[in-house]
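Residue numbers (our numbering), protein chains in the order written: chain A, 200 to 494; chain B, 2 to 262.
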């Protein structure tokens, strides 16, 4: 079997400015944040980001990497909205394609099945049709003759998802309760990357979880990157929960220019090892502060 | 447009009337997935399941359906799960219609359009909100109701800025495929309960909560509501329902943090 192991820098080296990139996970859950941070450190720009959006979208917007966002929502889950994404939209810094989250699913599914569109009721009558004038409807060729939305395939130049375990040939294992749409992001993309908490021997998958947790097949992957803590500060259960204190610190920093400069210097102007070390130090500070652990 | 008579319900909080009004959204439902956003809706769905809609199927708020009726804020480790319900399967349920939903609305208008996307011009919003989420698809696939805990002329508007959830006029204009499974059942606010049971499917006052007058509601609404001649009070919870709300389903009183009084 092919050895598909890569470094984060190898991964970003396979991306190009102007690409359409799908990012797996959902909201502030199991986001490939180490890969996002690697993109922040790179020269990449002018990206179209396709995401069930969380802080991945906010961070990429704040760094000026994004030309366009394709989304149904952008949320931090325990905090309703991402401050950087709000600013990006409110200042007109990014173009937007806003669609129903079910349309989003069908767009990925259509791309992964290599059909031009899939029909759905979702979108009919809503402003999704107004703000995306390129969307079309299709009339059923059968007796009912219903007019439905023809959700176009969301074709991706590249996709990256983060999973709990993987092997060196790119099979991935998701141990948390929801695989989200990761499989479809990979299926919809030309270049497919999996980052993982830990690369293990294939024989070890069965001792980690039942067969249905082995849900990303190597048919869907071109490269695999081991990066422990690679979803931080989003949730990656059962390995770790969302780092709520860090997420609050992210939001607080994002709401204040000086605070954001400090956040960038401490957490984003360093490599991934430096990031992980800085977040461990931050966790110790949260624990030691009188406010720490209050929530 | 006189003030309704004084309530015969001492000691019942406004939040408890809101919870009862949300529970009523599920009356008559059989085995459907009850999804409820916000505290009063979450409490209402549980109350309905404990009483008059025992076959309702509740979610754990993550990726599963739960067995029984857990209290609000019950620790995940205490939940008994009965089925896997990851997001991809949620769409199977949504599109099959086996769901009854109460969503929140940052704005709602006269024909039942809802907005959770953005305030102002969509192209460059004054305020970016969470996004349309599943509202477009939900509203044309299964019964949807709304919960607005802060009824004002900013939330009850003549026309929403971005139509996320589809109202009656929009659904009708979009053709038979949009209207086939469309139903906006109720709108529950901290002031009263509303529906679209009018000839031209525009919003009507269904009841006002005790200690709220029809004038209060009209003043807090930026569009012209249909005001029937006899508007009842939202029904008072029975002693058994109050017992369930206070001692079993929300012993920590989370409901009274969402709506005061």
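We put the beta carbon where it would ideally sit given N, CA and C, even for glycine. Nothing here was measured: the structure is a model prediction, and the numbers come from that model.
(1) If we define contact as Cβ-Cβ less than 8 Å, is residue 297 (chain A) a contact residue for chain B?
(2) Please confirm if residue 132 (chain B) has its CB atom under 8 Å from at least one CB of chain A.
(3) Can you grab the Cα-Cα spacing for the pair residue 130 (chain B) / residue 281 (chain A), in whole Å?
(4) Does DSSP put residue 50 (chain B) in a helix, a strand or coil?
(5) Need the endpoints of the alpha helix (DSSP H) that residue 207 (chain A) sits in, please.
(6) So, residue 115 (chain B) versus residue 166 (chain B), is the Cβ gap smaller than 8 Å?
(7) Any C-beta of chain A within less than 8 Å: which residues of the segment 67-91 of chain B qualify?
(8) Give the secondary structure of residue 457 (chain A) by DSSP, where H, G and I count as helix, E and B as strand, and everything else as coil.
(9) Identify whether residue 145 (chain B) lies in helix, strand or coil by the three-state DSSP scheme.
(10) For residue 208 (chain A), count neighbouring Cβ atoms within 10 angstroms of its own Cβ and tell me buried if that reaches 16, exposed if not.
(11) Would you say residue 548 (chain A) and residue 132 (chain B) are within 8 Å of each other, going by their C-beta atoms?
(12) In chain B, which residues lie with their C-beta within 8 Å of the C-beta of residue 285 (chain A)?
(13) If we cut at 8 Å on Cβ distances, does residue 148 (chain B) have a partner in chain A?
(14) Is residue 411 (chain A) buried or exposed, if buried means 16 or more other CB atoms sit within 10 Å of its CB?
(15) Let me know the secondary structure DSSP gives residue 19 (chain B) once reduced to three states.
(16) Mind pulling the beta strand (DSSP E) runs of 3 or more residues that sit fully within the segment 256-321 of chain A?
(17) Between the beta-carbon of residue 24 (chain B) and the beta-carbon of residue 377 (chain A), is there less than 8 Å?
(18) Which residue from B:242, B:196, B:253 and B:248 puts its Cα closest to that of residue 48 (chain B)?
(19) At a Cβ cut of 9 Å, what residues of the segment 193-214 of chain B count as close to chain A, listed as they run along the chain?
(20) Cα separation between residue 297 (chain A) and residue 246 (chain B)?
(21) Please list, in chain order, all residues of the same chain as residue 319 (chain A) whose beta carbon is under 7 Å from its beta carbon, the five residues on each side excluded.
(22) From residue 201 (chain A) to residue 66 (chain B), what distance separates their C-alpha atoms?
(23) Give the C-beta separation of residue 113 (chain B) and residue 197 (chain B) to the nearest angstrom, bearing in mind that I take them to be a contact with Cβ-Cβ under 8 Å.
(24) What does residue 164 (chain B) touch in chain A if you count any residue whose Cβ is under 8 Å from its own?
(25) Taking 8 Å as the CB-CB cut-off, is residue 65 (chain B) touching chain A?
(26) In angstroms with no decimal places, state the Cα-to-Cα distance between residue 6 (chain B) and residue 54 (chain B).
(27) Using DSSP with H/G/I as helix, E/B as strand and the rest coil, what is residue 252 (chain B)?
(28) In its own chain, which residues sit with a C-beta less than 6 Å from the C-beta of residue 45 (chain B), not counting the 5 before and 5 after it?
(29) Note down, in chain order, all residues in the segment 94-109 of chain B with a beta-carbon under 8 Å from any beta-carbon belonging to chain A.
(30) Does the beta-carbon of residue 235 (chain B) have 16 or more other beta-carbons within 10 angstroms, so that it is buried, or is it exposed?
(31) Quick one: what's residue 439 (chain A) bridged to in DSSP?
(32) Reducing DSSP to helix, strand and coil, say where residue 201 (chain A) ends up.
(33) Compute the distance between the beta-carbons of residue 361 (chain A) and residue 236 (chain A), then report whether it is under 8 Å.
(34) Just to confirm the assignment, what range does the beta strand (DSSP E) spanning residue 356 (chain A) have?
(35) According to the neighbour-count rule (16 or more other Cβ atoms, all chains shown, within 10 Å of its Cβ), is residue 222 (chain B) buried or exposed?
(36) By Cβ distance below 6 Å, which residues in the same chain neighbour residue 295 (chain A) in space, the five residues on each side in sequence not counted?
Taking the coordinates as given:
(1) Position 98 of the first chain, counted from the first residue, corresponds to residue 297 (chain A). Chain B contact via Cβ: present.
(2) As a working mapping, residue 132 (chain B) is identified with position 131 in the second chain. Answer yes: the Cβ-Cβ gap between residue 132 (chain B) and chain A drops below 8 Å somewhere.
(3) The count along the second chain starts at 1 and reaches residue 130 (chain B) at position 129. The count along the first chain starts at 1 and reaches residue 281 (chain A) at position 82. One C-alpha to the other measures close to 9 Å.
(4) Along the second chain, one-based indexing puts residue 50 (chain B) at 49. Note: residue 50 (chain B) maps to helix in three-state DSSP.
(5) The residue labelled residue 207 (chain A) in the question sits at position 8 within the first chain. Taken as a continuous stretch (DSSP letters only), the alpha helix (DSSP H) holding residue 207 (chain A) covers 207-212.
(6) Within the second chain, the letter at position 114 stands for residue 115 (chain B). Within the second chain, the letter at position 165 stands for residue 166 (chain B). Yes, Cβ-Cβ distance for residue 115 (chain B) and residue 166 (chain B) is below 8 Å.
(7) 85, 87, 88 and 89
(8) To locate residue 457 (chain A), count along the first chain from 1; it is residue 258. Looking at residue 457 (chain A) - three-state DSSP - the assignment turns out to be helix.
(9) Translated into positions along the second chain, residue 145 (chain B) becomes position 144. Here residue 145 (chain B) sits in strand by DSSP.
(10) Here residue 208 (chain A) corresponds to residue number 9 of the first chain, with the count starting at 1. That one is exposed.
(11) The first residue shown for chain A is 200 and the last is 494, placing residue 548 (chain A) beyond what the model contains.
(12) For the purposes of this step, residue 285 (chain A) is taken as the residue at position 86 of the first chain. Residues of chain B passing the Cβ test: 128 and 129.
(13) The sequence position of residue 148 (chain B) within the second chain is 147, counting from 1. It does not: the Cβ of residue 148 (chain B) has no partner Cβ on chain A nearer than 8 Å.
(14) What you label residue 411 (chain A) is simply residue 212 of the first chain in a count that begins at 1. So residue 411 (chain A) ends up on the exposed side.
(15) For the purposes of this step, residue 19 (chain B) is taken as the residue at position 18 of the second chain. If DSSP states are grouped into helix, strand and coil, residue 19 (chain B) belongs with the helices.
(16) 265-270, 294-297 and 316-319
(17) Numbered from its first residue, the second chain carries residue 24 (chain B) at position 23. Numbered from its first residue, the first chain carries residue 377 (chain A) at position 178. Cβ distance not < 8 Å, so residue 24 (chain B) and residue 377 (chain A) don't count as in contact.
(18) Translated into positions along the second chain, residue 48 (chain B) becomes position 47. The shortest Cα separation from residue 48 (chain B) among B:242, B:196, B:253 and B:248 belongs to B:242.
(19) Cβ contacts with chain A come from no residue of the segment 193-214 of chain B.
(20) In the first chain, counting from the first residue as 1, residue 297 (chain A) sits at position 98. In the second chain, counting from the first residue as 1, residue 246 (chain B) sits at position 245. Taking the straight line from one Cα to the other gives about 39 Å.
(21) Numbered from 1 along the first chain, position 120 holds the residue referred to as residue 319 (chain A). Excluding sequence neighbours, residue 319 (chain A) sits near 301, 302, 305, 347, 348 and 350.
(22) Translated into positions along the first chain, residue 201 (chain A) becomes position 2. Translated into positions along the second chain, residue 66 (chain B) becomes position 65. One C-alpha to the other measures close to 40 Å.
(23) Working through the second chain from its first residue, we reach residue 113 (chain B) at position 112. Working through the second chain from its first residue, we reach residue 197 (chain B) at position 196. The Cβ separation is near 6 Å, so the contact holds.
(24) Along the second chain, one-based indexing puts residue 164 (chain B) at 163. The contacting residues are 324, 325, 326 and 329.
(25) Reading the second chain from its first residue, position 64 is the one you call residue 65 (chain B). For residue 65 (chain B), the nearest beta carbon of chain A is closer than 8 Å to its own beta carbon.
(26) Looking up residue 6 (chain B) in the second chain gives position 5. Looking up residue 54 (chain B) in the second chain gives position 53. Bear in mind that the predicted position of residue 6 (chain B) carries a pLDDT of just 41, short of 50, making it unreliable; the figure below should be weighed with that in mind. Cα to Cα, residue 6 (chain B) sits roughly 30 Å from residue 54 (chain B).
(27) Position 251 of the second chain, counted from the first residue, corresponds to residue 252 (chain B). It is coil, neither helix nor strand.
(28) For the purposes of this step, residue 45 (chain B) is taken as the residue at position 44 of the second chain. The answer, listed in chain order, is 20, 23 and 24.
(29) 95 and 96
(30) For this step, residue 235 (chain B) is matched to residue 234 along the second chain. Answer is buried; the Cβ neighbour count reaches 16.
(31) Position 240 of the first chain holds residue 439 (chain A). DSSP lists A:435 as partners of residue 439 (chain A).
(32) Indexing the first chain from 1 puts residue 201 (chain A) at position 2. Note: residue 201 (chain A) maps to coil in three-state DSSP.
(33) Here residue 361 (chain A) is taken as the residue at index 162 of the first chain, counted from 1. Here residue 236 (chain A) is taken as the residue at index 37 of the first chain, counted from 1. Their beta carbons are not under 8 Å apart, which means residue 361 (chain A) does not touch residue 236 (chain A) by this criterion.
(34) Position 157 of the first chain, counted from the start, is the residue given in the question as residue 356 (chain A). Residue 356 (chain A) -> beta strand (DSSP E) spans 355-365.
(35) Counting from one through the second chain, the residue named residue 222 (chain B) turns up at place 221. By the 10 Å Cβ count, residue 222 (chain B) comes out buried.
(36) Start at 1 with the first residue of the first chain, and residue 295 (chain A) comes out as number 96. Excluding residues within five positions, the ones whose Cβ falls inside 6 Å are 268.
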